[in-house]
Each structure stands twice: as structure tokens, then as C-alpha cells.
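Below is one structure, written out as C-alpha cells, with a few remarks after it.
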Amino acid sequence: MANTTEPGTAPARKGVLAYLGSHLREYGMLLALLAIMIFFQIVTSGTLLKPVNITNLFLQNSYIIIMALGMLLVIVAGHIDLSVGSVAAFVGAISAVLTVNVGLPVFVVIPLCIVAGMLIGAAQGYWIAYWRIPSFIVTLAGMLVFRGLTLWLLGGQNIGPFPKSFQSLSTGFVPDIFGIDKPNLTAIVLVGAAAAALVWLAVRARQRNAAYGIQQEPGAMFWVRNAVIAGALIFVGVQLAYFRGLPNVLIVMSVLIVAYAFFTENTVMGRRIYAIGGNLKASRLSGINADRLTFLTFVNMGALAALAGMIVTARLNSATPKAGVGFELDVIAAVFIGGASMSGGVGKIVGVVVGAFIMGVMNNGMSIMGIGIDYQQVIKGLVLLAAVIFDVYNKSKQG
Amino acid sequence: MQPLLEMRSITKTFPGVKALDTVNLTVMPGEIHALVGENGAGKSTLMKVLSGVYPAGSYEGEIHYDGKIAEFRTIRDSESVGIIIIHQELALVPLLSIAENLFLGNERAGKGVIDWHETFAQTEKHLARVGLAEPPSRLVGKIGVGKQQLVEIAKALAKDVRLLILDEPTAALQENDSQKLLDLLLELKSHGVTSIIISHKLNEVRRVADRVTVIRDGTAVSTMDARAEPISEERIIRDMVGRDMAHRYPERERKIGPVLMEVKGWNAWHPEQTERQVIKDVNFNVRAGEIVGIAGLMGSGRTELAMSIFGRSYGRNISGSVMMNGKPVDVSSVKSAVGSGLAYVTEDRKELGLILEEPISRNISLANLEGISSGGVLNKAEEQQVAERYRKAMRIRTPGVYQKVMNLSGGNQQKVVLSKWLFADPQVLILDEPTRGIDVGAKFEIYGIMNDLVAQGRGVVMISSEMPELLGMCDRIYVMNEGRLVGELAASEASQERIMAHILRN
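So the protein lines, in turn, are chains A and B.
If you count by the working numbering, then the first sequence holds residues 1025 to 1423, one letter each, in order.
If you count by the working numbering, then the second sequence holds residues 58 to 563, one letter each, in order.
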């Protein structure tokens, strides 16, 4: 009965190394991302972190990250959504028809398309939540249905080009209010403020935890971690400033990341989604309306897939029948690389973002190196496998 | 006579913990040897050493089997000499037939092709030995737990068992199935099968065991011989907990108030078999400061009654009314039942009560997240404080409330579930088998917590299959049988015989 302490977490060891050892999972992926970036920075002779390429990295990966935020909730709740690529393509096609063929202005099209995405999510979530049809089946069906509807709506052709206002959703940049243009001072100021805010929030949380006597990482670790994050942010900001400033989509993505991180960690609803994924029956018997929550995670997923679909369409400047093919796999891979558990109940927004960037940097770096798409796929597959093996190994070590 | 098995100064260390400390165990051929001790005392670890789950070399000490030193590296090694363990969680495949399960991993086959004739003939033979009258082609999932236990034993017989080890074989069985199983053990003994039985039920130990070894904190504290004269339960308990337990149930000053909850005309039907009525016109009440017991055999509908009241979590076509403090309340969903002041602590902690992967603090707050949030935003610091408070009040033994509940012992897990429901501040708690699978020391603590609850003026409904516990704790006992309440007894007039009489008379 005294044996409730896990072996290996003896409270006596308190060094930075020991802490790293016991929280290997959380820092492991961040270190892996860092290592991958350094590797590609060297082998591409510095192309990876050039201003134009950093901008590209964000433009290329924004929609994966945006969908991964919703996918994390779906997976944490114990489900999966295979239809996001098709849904993104279908909503992209709707946006093209409304903008190009009907001629509606962008501020009407965007909300309409988001609502369309929510309705699609609701249609799938209804069967999953209230009829208990496995999500794998429902969304596999959705994947086929919405791909077919995309083809039908586009008549097998591309629709475009889009007016500038719609394109700015993806390829637009925040204008420099200081008017210097290069470097873009607005970018530097905004990113600097964001970095300062992050550090300030972290310090405040740390102080509050200390006041309540909650176990924390060692001080040195804390400051190094925050310095690295703030430094990386400012570096990225300055680099972007020397190209065209902050992409609009980066702003959208950042706001969503912060909002979802807050939602998952600090709200009652977020907590309940983790609970139903962790133990559905116990959650129901604790008074949680699991069906409704499951339904809502799919509605949310639909909305984010719709947003991602519009961003992709804006980036390509046309809606195509082939848009978004295979996105669902990139999105799901990002979530699992980020540490989510297949059986639900576990996973963090930060992990998902890191996971998505690991995939994104590898895609980008390998393309710059001129590695063929064949090898790229193999390598990405192996990285996904390695990340999950690392996870399982860590878990079994903890016992 | 030469012992069949001798384990000599077995020491097994896990990082930071000495699970077994120079344990000696001697088992004579043809005896039933009982191994008793609190949860976590080291009984299972000892049996894992014996069966090769922990391979030779990972522990210190020697195992002598049949006069020779034995070094088992895998379970196969120990099975090949006839040592078979039947674990508490049965290792049967529900979607395979009895015959297929019996020879799983031990198939009657030539060149990889199964000989079904041989398989079925052998199965018939072994089933007859254990007295199970089921066709060998029946799916294991279709027969009850008691019969599944017999299949496990038949499976052991099919492997030419010489030393049969049973880990809490009757924990999930009801009374008459348990009796049958114990009879079977005695019969196997008369045919020369030696057994080691791990059990918490001391009356069963006393009934079948020739010798009893008590394990406490990783050491074998005593071995008693029951053949010369019967061993008293008090003696065993004293050795198990290391202190005298004159009072197995803590004292309580009884202050019983007005009726808190009243259930009237409660009916419920089976969720799938629509013509089967599971709960039939049940009426009962609970007073403030009162512990009310519900006795009955397994399958009598006690859990179904509780769950159908608690937010219609079981059954269909539910009818009847629930009053709290004399006013009718809505219990149609778990949420409204909790809001009406009701809480239900499930029988199955791991499946229905806890999120094992999550820390203690998040489990405690789960049923009352409103209590630690405002406007839908959680106050995690407050959550932490709440958890700390219950950790102290309930004496949950853990390094900290951030610990995942899967790392806790059964008794401490039960305290977490109780904390969760106390934080929801109910007026009436329904506790379904609150001490199942919990060792003697932790049971005493759970009883103490129950006494505290009623001292605060709450009402407690206690469902239990252990009659001594009901008699020791309750002010009043309802007897349930086949979906009906068939009797009501005041504590002063209740006895095991009377409860059984009520059940049998119907």
C-alpha cells in the first residue's frame, strides 16, 4: 500500500537533467523540431530560415495547423475525422462558386462558408454522437461523399481567379502602419509584444503555482525554455519583417492556437471533452452530456475544415477538384506526432502545433533539397512511426 | 513427506521498493494452502515469481519444486511442470467456444491442423470433472462468471495441473457459485491436486484451507495449520494488519433525523429484453443520518435499481417518483439527479468511476466542475486546493494530487471516487459495493468515512453482498430479490439467517 510512488520519480533528485528525463515527452518533440530545423538549415545552406522561406513555411502549413486544432479535440474525445480534406475541398468549391460565379463580396462568403462547414460537421456528428455509428465509418463515408460533391459542384473544372480581397485571406500581409516597409516595423512590434506577453503570462502562472505549492519545473529550465521561445519568436518576426511582414494567415492561425490552447486547458467544456475521451462511462455517470459534446466537436471540426478550405483555395487562387487530397492524413499525423493518444483523453494544443511544424519543416526542407516525392513520403511515414514508438516506449518506462 | 514446493528466502526488489523480503513458503503435496494478506502485501508478486512472470535471476532466493531447483524463465516453463495460475481477471476469449478456450495455446492438433474430434471429446471429459453441464460448443461469453471460472479450472486440468494457483477465485461469484467452486477444490484435492488459494474471504479460507500463510508488507509473518484445530478469523486479521481489530466496524453515535429521500412505485424494464421487468414496484426511504443497507444476491436488481434512479443510467420505461425532503424531484438525467442532491458511487471503480489516466485532482473535480469555475473558465489553483483538502480529509495515500489514479491502490482509488461525489455535495449517497476488492485496513477507513457522512446529516444507501458488513454498518436493511424489495429489517433484529430467510421465502 505504501507503493504508490512510481519508481524513478524519487523526490530527492531535482536537477534539470532529472526533470528533463521525467518530462521527456513534452520537451522531446520540441528538441526534435529544433534538431530537424538545424539539420535542414545546414544541408540547404541556410535557405530554410531565409525570410521568404519562413513566410512560405507559414503559408504552406497554416491550414494543416488550423485543421489539426479541431482534429485534436476530435481525437481527444475518442474519435477520428477522415473527411477533413474532402470537406475543405468542398467548401473551397462553394466559396469559388459564391465569389466568382455569383459575385458575392468576401465578407459575406466567409461566414456563409463557415456555416456550411458547421452544417457538414453537424451532419456527420449527428450519426456519430446520437446513433453511436463509429466515427471512422461515418467520416470515411463523408470523405467520399464530399469529394464527389466537390467534383459535381466544379463540374470537373477549376474555378478562378479570385478577386484580390479573397486572395488576401492567404497571400495578404498585414500592412506596415509605420510606413517604412522594409524592415516591416509593425511585424517586429507585434511579434515583440507577443513574445513579451507570453513570457509575462508564464511568469505569472509560475508565481501563482508557487504560491499554491504546485510542483514545477526547475527555475533554470523555466528561464531557458522561455528565452528560447521568445528568442525564436523574435527571430521569426525580424526575418518576416525583411520580406513582406506578417502574413494575414499567420495572425489568424496564432489567434486560433491561443484560443484553442485556452479552451482545452482552462474551460469546463474543454475539460469535459478530455473526460469523455478518458472514460466515457465514468463521464456519463458524472453528469456530463457526452453525446452533445461529441456532436459539438464535429461541428467545430467542420468549421475549421471550412476555414482551411478557403485558405487553400485563396492560396491556389482557384478551386480545384483535387484540392485537399490527403490533407486528413497530414492533419492526423500532426496530432499523433504531437503526442495525442489513439484511445482518446490525451493530447495538447502545443504538441499539435509542434507536430505540424515537424511535418511542415520536413516537407519544405526536403523539397528545397530536391528529394523526390517518393522518398519524402517514406521519410514522413517513418517519422510518424518513430514519434509514436517513442511515446509508447516512454509510457511503458513509466509503468 | 517431501514438500511439493519450497520457496526459500525470496527477495524481489523494484526500483525503490522491496516488494518481497526473504519470504519462505512451503506447500505440501495434496494440501490446499491459503495465502492471505492486504492488497499490495506481496501475494501476487510472490505468485508471479513462482510462475516465471518475473524470470529466474530477477529475484533472489531459490525455488525448489518436486525436490529439484527450478528456474522458470517464462510462464511456459512453469506450466510445463504443472504449475497453473488462474488470475482474478479471467483469461478467456468470450467469442470462442468452451472447447476452443480449453485448449487455447495447447491445441489438440497434428501438423498445425486442429483435431476437433479429440478437442471435443477431451473437453467433455474435463467439463465432467469440474461438474459443468454445458455443451463444449457454447460461446464462453454466453455463460455466467461462475461457470467461466469452472472453464478456467477445466483448462488447467487439460494441462495436467499439479499445483493450481487461484487468485481470488470467488471475488466475482455469488454465494452458491462460490460454494460449488470450493467444493470442487476439495474434490480435486482428493484426487491429488495441490492448490494455493489467494483470498480475502476468511470464511472461505477457513472452510477449505489446510494451512494458511499470512503475508504482510512483503514478508511472510506466519503459517498456521488448520488441520489440528480451526484458526480464528481474529487471529488471521491480527497477523494481516499487524494489530488487533477488536472492532471491525468503527463506532458511531446514531442520530437519525427526518426522511431525506423517498422512492415510490419504482419500475424499470431491461434495456434489451423489453418484456423483462427488472425492477418491480420498489418503495424505500432514507433518513438523515441513516445508513440503509440493501441486501440481496447478485442479479437481484440492486445495482439496476440504483442506476435507474440515478439519471436513468440503466433500463427503459422507467416509472415512479423520487422525493427529496418531501418534494418531488427530477432525476431523469444524471445532471438533474446530482442537482437534486443525489450521488451514486459505482460498484466498478475502474470502468465506471475513474479516469485512470488523469490525476487525482481532475478526478475529484469531475462531477462538480461548476464548483471550481466561473463563466465556464476553470480556476486550476482552486481545483488543486480542493483536491488537497480531500487528500487530507480522506487520507488518500499519495505523493501528491497530481498523481494519476491508476498508480493508486484500490482503497485509495475508492477514496478518490468518494471525494469526487462529496465535492458535489449530495444529500444522499448510494454506495454500490463500496469495499469490494479493498483490503481490511482500507475497509475500516471507508466505514469511518461513511460514519462521517451520516454524522453530517447526509443519508447513505449501502448496497453490499457481504452480509457481515451490512449488519455491522447499517441502521436498517432492505432485502431485495428478483427485482422486488421483499423485506425490511431494523439493525437490532437483523441477522444473516433472517436476511437469507427473506430471500428464500420468495
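Don't be surprised by glycine CBs; every beta carbon is placed ideally from N, CA and C.
Being a predicted model, the structure only gives us computed values, none of them experimental.
For His121 (chain B), the enclosing beta strand (DSSP E) has its first and last residue at 117-122. For Met1366 (chain A), not one C-beta of chain B is nearer than 8 Å to its own C-beta. Residues are counted here when their Cβ sits less than 9 Å from a Cβ of chain B; for the stretch 1303-1314 of chain A these are Asn1303, Lys1305, Ala1306, Ser1307, Arg1308, Leu1309, Ser1310, Gly1311, Ile1312, Asn1313, given in chain order. Taking a Cβ-Cβ cut-off of 7 Å, the neighbours of Ala424 (chain B) in chain A comprise Ser1310, Gly1311, given in sequence order.
At least one CB of chain A lies nearer than 8 Å to the CB of Leu411 (chain B).
Contact between Val1098 (chain A) and Phe1322 (chain A) holds: their C-beta atoms lie close to 7 Å from each other, under 8 Å. For the set B:Gly322, B:Leu317, B:Val335, the Cα lying nearest the Cα of Lys384 (chain B) is the one of B:Leu317. The beta carbon of Arg284 (chain B) is closer than 6 Å to those of Asp267 in its chain, skipping five residues each way along the sequence.
Around the CB of Phe1351 (chain A), 16 or more other CB atoms lie within 10 Å, so the residue is classed as buried. Between Leu103 (chain B) and Leu152 (chain B) the beta-carbon gap is near 33 Å, outside 8 Å, which marks them as no contact. Among the CB atoms of chain A, one or more fall inside 8 Å of the CB of Ser370 (chain B). Across the set A:Leu1057, A:Met1167, A:Leu1136, the C-alpha of A:Met1167 shows the shortest separation from the C-alpha of Ala1347 (chain A).
A residue is called buried once 16 or more other Cβ atoms fall within 10 Å of its Cβ, and Asn425 (chain B) is buried on that count.
Residue-level contact check: Val391 (chain B) touches chain A, since one or more beta carbons of chain A fall below 8 Å from its beta carbon. Excluding the 5 residues flanking it on each side, Arg65 (chain B) has same chain C-beta neighbours closer than 8 Å at Asn81, Gly118, Glu119, Ile120, His121, in chain order. Trp1224 (chain A): member of the alpha helix (DSSP H) spanning 1209-1236, first to last residue. Cβ proximity to chain B below 7 Å picks out nothing from the stretch 1067-1099 of chain A. Membership of Phe71 (chain B) in the beta strand (DSSP E) is indicated by the continuous run 62-71. The beta carbon of Pro1075 (chain A) is closer than 7 Å to those of Gln1263, Leu1264, Tyr1266, Phe1267 in its chain, skipping five residues each way along the sequence. For the C-beta of Arg1339 (chain A), not a single chain B residue is nearer than 7 Å; the gap to the nearest is close to 35 Å. Between Ala76 (chain B) and Thr70 (chain B), the gap from beta carbon to beta carbon is short of 8 Å. In this structure, Ser1107 (chain A) lies near Thr1163 (chain A), with their beta-carbon atoms less than 8 Å apart.
The residues Thr1068, Thr1071, in chain order, have a CB closer than 6 Å to that of Ile1392 (chain A) in the same chain once the five nearest residues on each side in sequence are set aside. Counted as a single uninterrupted DSSP element, the alpha helix (DSSP H) harbouring Ala178 (chain B) occupies residues 173-187. Straight-line spacing of the CA atoms in Gln145 (chain B) and Gly1141 (chain A) works out to 49 Å. Neighbours of Ala277 (chain B) in chain A, taken as residues whose beta carbon is under 9 Å from its own, are absent, since the nearest beta carbon is some 17 Å off. If you draw a 10 Å sphere on the C-beta of His90 (chain B), you find 16 or more other C-beta atoms in it, and that means buried. Here Ile495 (chain B) carries a coil assignment [DSSP, helix/strand/coil]. The stretch 177-189 of chain B makes contact with the stretch 204-212 of chain B; the number of CB pairs closer than 8 Å reaches 3 or more.
DSSP places Leu221 (chain B) within a strand segment (E or B) once states are collapsed to three. Close partners of Leu435 (chain B) in chain A (Cβ separation under 7 Å): Asn1290, Thr1291, Val1292, Arg1295.
Leu542 (chain B) places its beta carbon 8 Å or farther from that of Pro483 (chain B). Its Cα nearest to that of Pro1185 (chain A), the residue A:Asn1341 stands out among A:Ile1395, A:Asn1341, A:Phe1381, A:Ala1364.
In this structure Tyr447 (chain B) is in contact with Ile421 (chain B), their Cβ atoms being roughly 6 Å apart against a cut-off of 8 Å.
Identification of residues in the stretch 442-455 of chain B having a C-beta nearer than 7 Å to some C-beta of chain A yields Gln442, Arg454, Thr455, given in sequence order.
DSSP places Lys449 (chain B) in the helix class (H, G or I) of the three-state scheme.
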